[in-house]
Amino acid sequence: MEATKAGVLLAWLLLFYTNVVRGQPGIELTLPRSVNAIVGKGVVLPAAYSTNRRINLIEWSVIDRANTKERRPVFLFNPNTGVFNSGWNYGRRVHLEEQASLRMDHTRREDAGTYVLKLTTDDLQTTEAQVELVVMVPPTVRVGPSNPHVVTKGKSVTLTCAVRNGFPNITSLTWQKNGVPIERLTPDDLKYTAGTLKSPNLVIRSVDRTDAGKYTCAVSHPAKDKDIKSAMSLNVLYNAAIIRISEAHTVPAKESVTLQCIAEGNPLPNMTWTRDGVVMPSKLQSVSGDLRSCTMVLHNTRMNETGSYMCKAWNGIDKPDAKPVFLTIGPPAKGLDMSTVAIVIGVTVGFLWVSLCFILLVCYIRRRRHRAEKTKFAFYYNLGKREPNKTDEKSEEGPKVPAKPRLSAPMNTGIGTMRKSKKGQDMTERRYAKVLYPYLPIEENELCLQIDDVIEVLEGEDGGWCLGYLRGRIGLFPSNYVSFLKANEGKPVAPPRSGIELDDTGKRSI
Numbered sequence: 001m002e003a004t005k006a007g008v009l010l011a012w013l014l015l016f017y018t019n020v021v022r023g024q025p026g027i028e029l030t031l032p033r034s035v036n037a038i039v040g041k042g043v044v045l046p047a048a049y050s051t052n053r054r055i056n057l058i059e060w061s062v063i064d065r066a067n068t069k070e071r072r073p074v075f076l077f078n079p080n081t082g083v084f085n086s087g088w089n090y091g092r093r094v095h096l097e098e099q100a101s102l103r104m105d106h107t108r109r110e111d112a113g114t115y116v117l118k119l120t121t122d123d124l125q126t127t128e129a130q131v132e133l134v135v136m137v138p139p140t141v142r143v144g145p146s147n148p149h150v151v152t153k154g155k156s157v158t159l160t161c162a163v164r165n166g167f168p169n170i171t172s173l174t175w176q177k178n179g180v181p182i183e184r185l186t187p188d189d190l191k192y193t194a195g196t197l198k199s200p201n202l203v204i205r206s207v208d209r210t211d212a213g214k215y216t217c218a219v220s221h222p223a224k225d226k227d228i229k230s231a232m233s234l235n236v237l238y239n240a241a242i243i244r245i246s247e248a249h250t251v252p253a254k255e256s257v258t259l260q261c262i263a264e265g266n267p268l269p270n271m272t273w274t275r276d277g278v279v280m281p282s283k284l285q286s287v288s289g290d291l292r293s294c295t296m297v298l299h300n301t302r303m304n305e306t307g308s309y310m311c312k313a314w315n316g317i318d319k320p321d322a323k324p325v326f327l328t329i330g331p332p333a334k335g336l337d338m339s340t341v342a343i344v345i346g347v348t349v350g351f352l353w354v355s356l357c358f359i360l361l362v363c364y365i366r367r368r369r370h371r372a373e374k375t376k377f378a379f380y381y382n383l384g385k386r387e388p389n390k391t392d393e394k395s396e397e398g399p400k401v402p403a404k405p406r407l408s409a410p411m412n413t414g415i416g417t418m419r420k421s422k423k424g425q426d427m428t429e430r431r432y433a434k435v436l437y438p439y440l441p442i443e444e445n446e447l448c449l450q451i452d453d454v455i456e457v458l459e460g461e462d463g464g465w466c467l468g469y470l471r472g473r474i475g476l477f478p479s480n481y482v483s484f485l486k487a488n489e490g491k492p493v494a495p496p497r498s499g500i501e502l503d504d505t506g507k508r509s510i
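Using full-length UniProt numbering, the letters of the sequence shown correspond one by one to residues 1 to 510.
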């Protein structure tokens with residue numbers, strides 16, 4: 001049952017949208033009743049025929065609007081010879097497709113009309129059918145009365161939407177504010193009226209600052225898939241109004257005080273601070289959008305500056321707005337004022353900083369002196385602290401290093417003093433030792449030995465550590481790394497002298 005209904009509906013639609021013409025026996029021509037085209041774009045007038053005869057001529061023509069009895073040629077084609085010809089007003093814009101369909105490029109508005117397809121057979125029999133070409137033209141949309149449009153708060157304004165040069169007529173017209181349809185903003189219809197397809201102009205009653213924004217007129221047309229829009233801006237002027245002002249102040253004399261006033265308005269308001277009608281120095285600054293601030297600063301206040309200060313704002317719309325603030329200047333604050341306190345704190349901090357730097361400098365100098373003395377008398381510091389080393393292994397370059405004895409550090413430092421401190425020993429009788437194996441010192445108080453070096457022996461004997469003098473330096477050396485010389489053997493072999501020292505008395509000693 002449902003299939004039968006669908007078949008009947010399809011047959012009815014085909015009958016409504018197509019025009020089937022049966023002419024001479026054996027010829028059937030099929031065309032639609034009408035075809036829609038969009039100006040500037042291409043369109044096809046579909047046509048098909050079936051016949052058992054030979055077609056000699058396919059002819060497309062259009063009925064003249066001024067005289068319906070006349071036809072203007074559009075396109076002629078001979079299927080047998082392939083010869084074709086187009087009308088003078090169409091040129092290369094028209095050509096044939098498939099059997100007899102007419103394709104037209106870059107459709108113009110004047111191309112609209114009734115087109116006739118005529119077929120001629122070889123025996124000069126003719127058959128023809130008509131199709132209506134509808135050329136749709138998108139309209140132009142203009143909003144007004146101006147863009148932007150300026151209106152004063154409290155008045156009513158009418159926004160116009162003009163739709164011109166469209167075919168066919170538009171199907172809908174709506175207004176939007178900042179992208180939101182008007183009907184969603186005022187469901188009670190008290191603010192906006194009209195702005196529809198029947199009455200395109202939008203009326204806004206009692207305009208206020210919230211009505212400012214972007215208004216768009218959107219229309220729907222068969223030639224466009226999307227709405228055709230035109231937008232404008234509405235600028236609402238309103239009077240200046242003070243929205244914030246400093247509260248009453250009570251400050252001691254000789255201090256600073258700041259008074260601030262913030263106002264709104266369109267256009268931005270002018271602002272001043274006055275006292276008894278006298279304009280006070282102030283600074284204007286734009287805050288954001290339609291807000292502006294006016295700031296007045298009183299430095300080193302005096303008691304006679306007590307009184308009422310007036311902030312005034314105006315922008316030429318309606319009356320100015322003014323608000324007062326009362327300022328009381330009291331006696332100077334007891335004790336130190338803020339500037340004096342700041343100076344005292346600064347001086348104190350500076351003194352503490354200089355003192356800290358001086359202490360750090362003294363500590364640094366004393367530490368350097370201590371390190372210098374420790375380095376200079378390293379032998380005396382370490383001589384009594386050296387413990388016997390039981391883990392020393394025998395070197396491939398020399399015998400095993402003996403353990404250092406615990407000796408008390410001598411009290412004198414010069415080599416001459418060391419020599420004089422040997423009671424009962426002749427100053428001319430000195431002992432020497434010749435190095436047999438090289439030795440690299442492990443600690444600071446040890447001598448570096450090289451083969452054939454001659455050391456002046458100050459203390460110690462064979463079998464342990466000795467104190468000697470070599471190349472201007474006093475230090476310990478292992479006795480089993482040297483060979484002790486006799487007095488007469490040591491005289492001709494003078495030990496090398498690499499430096500000269502001064503003893504504690506200021507005399508030179510080597």
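Glycine included, each C-beta is placed from N, C-alpha and C at the ideal position. The structure presented is a predicted model; accordingly, all values stated were derived computationally and were not measured.
- In this structure, the beta-carbon distance from ALA218 to MET136 does not fall below 7 Å.
- LEU185: member of the alpha helix (DSSP H) spanning 182-185, first to last residue.
- For ARG471 and VAL482, the gap between their C-alpha atoms comes out near 16 Å.
- Note that the segment 194-209 does not touch the segment 271-287; fewer than 3 beta-carbon pairs, one per stretch, sit closer than 8 Å.
- Rounded to whole angstroms, the Cβ separation of ARG72 and SER61 is 6 Å, and the two are in contact under 8 Å.
- Contact between GLY40 and MET104 does not hold, since their C-beta atoms are separated by about 12 Å, which reaches or exceeds 8 Å.
- When the five nearest sequence neighbours on each side are left out, the beta carbons in the same chain lying within less than 6 Å of the beta carbon of GLN130 are those of THR114 and VAL116, in order along the chain.
- Distances from the alpha-carbon of LEU268 to those of ASN239, ASN169, ALA162 and LYS334 put ASN239 closest.
- Following the DSSP letters along the chain, one finds GLY144 inside the beta strand (DSSP E) bounded by residues 140-144.
- Around the C-beta of CYS311, 16 or more other C-beta atoms lie within 10 Å, and the residue is accordingly described as buried.
- For ASN36, same chain residues with a beta-carbon under 7 Å away, outside a window of 5 residues either side, are VAL134 and MET136 in chain order.
- Contiguous beta strand (DSSP E) elements confined to the UniProt domain "Ig-like" (139-235) occur at 140-144, 149-152, 157-164, 172-177, 192-194, 202-204 and 213-220, taking only those with 3 or more residues.
- With fewer than 16 other CB atoms across the displayed protein chains lying within 10 angstroms of its CB, ALA248 is exposed.
- GLU443 counts as exposed, since fewer than 16 other beta carbons sit within 10 angstroms of its beta carbon.
- DSSP lists no beta-bridge partner residue for TYR481.
- The three-state reading of DSSP puts ARG369 in helix, counting H, G and I together.
- Partner residues in the beta bridge of CYS466, as assigned by DSSP, are PHE477.
- In this structure, the CA atom of THR120 is about 10 Å from the CA atom of ILE27.
- Under the DSSP assignment, ILE27 falls in the beta strand (DSSP E) whose first and last residues are 27-32.
- When DSSP states are grouped into helix, strand and coil, LEU356 belongs to the helix group.
- Residue range 71-77 is occupied by the beta strand (DSSP E) that includes ARG71.
- Cα atoms of MET296 and SER246: separation of roughly 11 Å, rounded to the nearest angstrom.
- By the Cβ criterion, the segment 254-274 is in contact with the segment 322-341, since at least three pairs of Cβ atoms, one from each stretch, lie closer than 8 Å.
- VAL39 carries a coil assignment under DSSP once its states are collapsed to helix, strand and coil.
- For GLY144, same chain residues with a beta-carbon under 6 Å away, outside a window of 5 residues either side, are THR160 in chain order.
- DSSP, reduced to helix, strand and coil, places LEU237 within a strand of the structure shown.
- In the three-state DSSP reduction, TYR437 falls in the coil class, being neither helix nor strand.
- In the three-state reduction of the DSSP assignment, LEU447 falls in the coil class, being assigned neither a helical nor a strand state.
- Non-local beta-carbon contacts of ALA241 in its own chain, meaning distances under 8 Å to residues more than five positions away in sequence, involve ALA263, GLU264, GLY265, ALA313 and ASP321 in chain order.
- The beta carbon of LYS254 sits closer than 7 Å to those of ASN300, THR301, PRO332 and ASP337, all from its chain and outside the five residues before and after it, given in chain order.
- Of all alpha-carbon atoms in SER230, LEU467, THR51 and THR126, the one lying nearest the alpha-carbon of PHE477 is that of LEU467.
- Look at VAL344 here: in three-state DSSP terms it is helix.
- Taking THR140 as the centre and dropping the five residues before and after it, the same chain places the C-beta of ARG164 and ASN165 closer than 7 Å to its C-beta, in chain order.
- The C-alpha of PHE358 lies about 15 Å from the C-alpha of ARG368.
- The C-beta separation of GLY330 from THR250 comes to about 6 Å, placing the pair in contact by the 8 Å criterion.
- Taken through DSSP and simplified to helix, strand or coil, LEU45 comes out as strand.
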